Amino acid sequence: MNLSVAVVGASGAGKTLFCINFAEYLGAHSLSYTEAGKAAGRRRALLSPAAARRLMVEHGRRSNGVVRTFAVHLPTQPYRRLVLIDTAALKEKSPLPRPERSRLVLTLQAIESADLVLLLIDLSCSDPAILEFNDRVGRYLEDYCRQQGKPFLIAGSKADLLSGPYKESHFAAPGFSLLLISSVTRAGFARLKKMILAAPFSQKALSNDMVEKGHGEDPYEQGQKDTF
Amino acid sequence: MFLLAKPHCPPAGPPLYRQIERGEMGTLEALQKLSEARPDAEEKGKPGNSSVTAAALWELNQLVGLAEVKNIVEEIKAYIEIGQQRAAHHLKCEQLVLHMIFSGNPGTGKTTVARLLGKLFRGMGVLTQGHLVEVERADLVGEYIGHTALKTREQVQKAMGGLLFVDEAYSLGRGGGKDFGKEAIDVLVKAMEDYRHDFILILAGYRREMASFLKLNPGLSSRFPIQIDYPDYSVTELLEIAEMMARQRHYCFSGAAKEKLQLYLAGRQGELNFSNARLVRNLLEKAVRRQALRLSRQGRPGREELLTIEDVDLVVEER
Ligand SMILES: Nc1nc2c(ncn2[C@@H]2O[C@H](COP(=O)(O)OP(=O)(O)OP(=O)(O)O)[C@@H](O)[C@H]2O)c(=O)[nH]1
Ligand SMILES: Nc1ncnc2c1ncn2[C@@H]1O[C@H](COP(=O)(O)OP(=O)(O)OP(=O)(O)O)[C@@H](O)[C@H]1O
Ligand SMILES: [Mg+2]
Ligand SMILES: [Mg+2]
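Chains as they are written, first to last, in our numbering: chain A, 152 to 379; chain B, 56 to 374.
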């Protein structure tokens, strides 16, 4: 059984790093991923999380409109697989430039096909235009997910960059609790894992050759506390 | 790419996607369109929809505390599923009787859980609608002979395909032998036999009163195989509920406000008929109004101030 999570958000929200580090957190030693999108063509590869970070995140690398799917076996639940969809960044431009259009379609398809939608909001960003954009994206996604009976979560990313006490409610959308996470320190991952794994798994099949098994125990499982 | 391509095309899909490709729609407009389309409305209405079931369970799990209740719901779900599977194998199965009694103090989540159960049962195909009809004594009991039966039947009729939730059900047993409340009970009991597959009756009320009510009506208790107790929330749980409710309304508590709230809740907890989450909600609603008043008296408040409920906004009666 698979649980697919569409990870969505604005450009630079931390989608890619989250997917890689969360997969690693769940015990994946190698990541099997596929890419779709005009720029990417279709690629399939197997990488270590460290290599994936180098390739996809470090040196200010942007994913440039690629939609990636990472498949992760859950070590504690051998018959369950988590599919993380690192979607193309949502951009506020109207009309959309041509290359952005098919990316948006791919992202919307990911949202529609996913069992759970996770919106990432960069907490270190204080640009009012982006805050407003995120607000509206959150509201629309919330409405959509509620209608579909699809779980919807909002996570504030890069919590490690916040100085001083911050409040979860600052960035919450109505009706939804916002989780603070950091892909760097892995704060909030334990809680997020619990919430995601509590979501209903679908029966959708994923062909086996797409996925490499993750092994080993979850090193963060025991006594992991959310520290920032 | 096969993972992303849905085997059955989402009805909101193709035309919307074509509009995007033609450049007629930006990101926000597209998301808004998506959120407005109600593609699965028909499918969702059909009984036996597993995503409705799953969503109901997920929502239930998001509720703070209520461990016991969550377990019982899990049990009920398994019981129904196995019953359905046995039926498919032509094995004898017991009559599925799902009438329930909920006892617990006010604000312990009885109505909230009942509503989710309706959704769950609709998802599992046990009920066709799964809606909740909430009634109390005044909705059932009439003023003259024959009126009560009429009123009660009318409510049962409304609840067909869903749940009839009788709040403060013990009040039907009050008022002595000549009271019409008894008549309402008789009509309900008859209805739950006659329409056992068409609606589920939930009698709810405070623990103490429900216990004595059931003792006075011994035949009644046995007709309700599922009896769920809603314990009072702990102070920690109440604080968590308070923060959740605040967050949903785009507010948060300052550190001092949290402390004040905690002290107050700790003091009141354990009182007779302590109103739990409802008390928290009332406090929050009052605090929101007080905060608005406080801010309107000062200059232009910033985002931070607009969001924050300070301890001065929390009015807790001295006792
Ligand atoms: N400090 C900190 N930095 C983070 C965190 N998550 C992501 N970043 C950084 O933020 C930048 C953007 O992260 P990405 O994961 O590439 O963001 P993205 O959402 O995939 O961006 P696009 O692919 O352009 O849409 C990178 O420099 C990351 O190292 C975090 O939790 N903490
Ligand atoms: N466990 C919980 N987590 C979050 N919110 C809760 C929880 N329990 C109750 N609430 C909230 O508290 C409020 C009161 O709950 P509800 O109406 O379900 O209580 P009740 O038991 O039906 O009370 P009464 O008997 O007074 O009608 C609602 O707004 C509900 O959303
Ligand atoms: Mg990226
Ligand atoms: Mg109620």
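C-beta: ideal position from N, C-alpha, C; glycine also. Model, not experiment: these values are computed from the prediction.
By the rule that beta-carbons nearer than 8 angstroms mark a contact, P250/A does not touch chain B. Counting C-beta pairs closer than 8 angstroms gives fewer than three between the region 349–356 of chain B and the region 315–331 of chain B, which falls short of the contact rule. In this structure, the C-beta of T167/A approaches ligand 3 to less than 7 angstroms from one of its heavy atoms. Relative to ligand 2, the beta carbon of R333/B is positioned inside 7 angstroms of a heavy atom.
For H224/A, no alpha helix (DSSP H) run applies; the uninterrupted beta strand (DSSP E) run containing it begins and ends at 218–225, by DSSP. Distance from the Cα of S309/B is smallest, within the candidate group D368/B, L338/B, K125/B, A347/B, for D368/B. DSSP places I296/B in the helix class (H, G or I) of the three-state scheme. Interface annotation, V217/A: not in contact with chain B, CB-CB separation never under 8 angstroms. Taking Y184/A as reference, the option from F221/A, L177/A, K242/A with the minimal CA-CA separation is F221/A. CA-CA distance, T166/B to L330/A, rounds to 27 angstroms. The DSSP-derived three-state label of E243/A is coil.
Think of a sphere of 8 angstroms around the beta carbon of Y291/A: the chain B residues whose beta carbon falls inside it are L83, L86, Q87, L89, S90, in chain order.
Listed along chain B, the residues sitting closer than 7 angstroms to V256/A by beta-carbon distance are Y72, I75, E76. Note on geometry: alpha-carbon atoms of F235/B and V211/B lie some 17 angstroms from one another. Rounded to whole angstroms, the Cβ separation of V124/B and I283/B is 6 angstroms, and the two are in contact under 8 angstroms. Comparing alpha carbon positions, the residue from D249/B, D253/B, E84/B closest to G185/B is D253/B.
Chain-order list of chain B residues neighbouring D294/A: S90, by C-beta distance under 7 angstroms.
Proximity of L343/A to chain B, defined by a Cβ-Cβ separation below 8 angstroms, is not satisfied. Within 9 angstroms of the CB of A179/A, no CB atom of chain B is found; the nearest one sits about 17 angstroms away.
Sequence-distant Cβ neighbours of R333/B in its own chain, meaning closer than 6 angstroms and more than five residues away, are P161, G162.
When distances are taken from the beta-carbon of A202/A to the heavy atoms of ligand 1, even the shortest one reaches 7 angstroms or more. Not a single heavy atom of ligand 3 lies less than 7 angstroms from the C-beta of R345/B. Cβ neighbours of E191/B within its own chain (closer than 6 angstroms, five residues either side excluded): D222, E223. The criterion of a C-beta distance shorter than 8 angstroms is satisfied by C148/B and G138/B.
In terms of Cβ geometry, D266/A and A341/A do not form a close pair [threshold 8 angstroms]. Relative to the Cα of R302/B, the nearest Cα in the group K270/B, S90/B, L362/B belongs to L362/B.
C296/A carries a helical assignment under DSSP once its states are collapsed to helix, strand and coil.
The beta-carbon of N116/B is placed less than 8 angstroms from the nearest beta-carbon of chain A.
By the Cβ test, the region 247–258 of chain A is not in contact with the region 269–287 of chain A, since fewer than three Cβ pairs between them sit closer than 8 angstroms.
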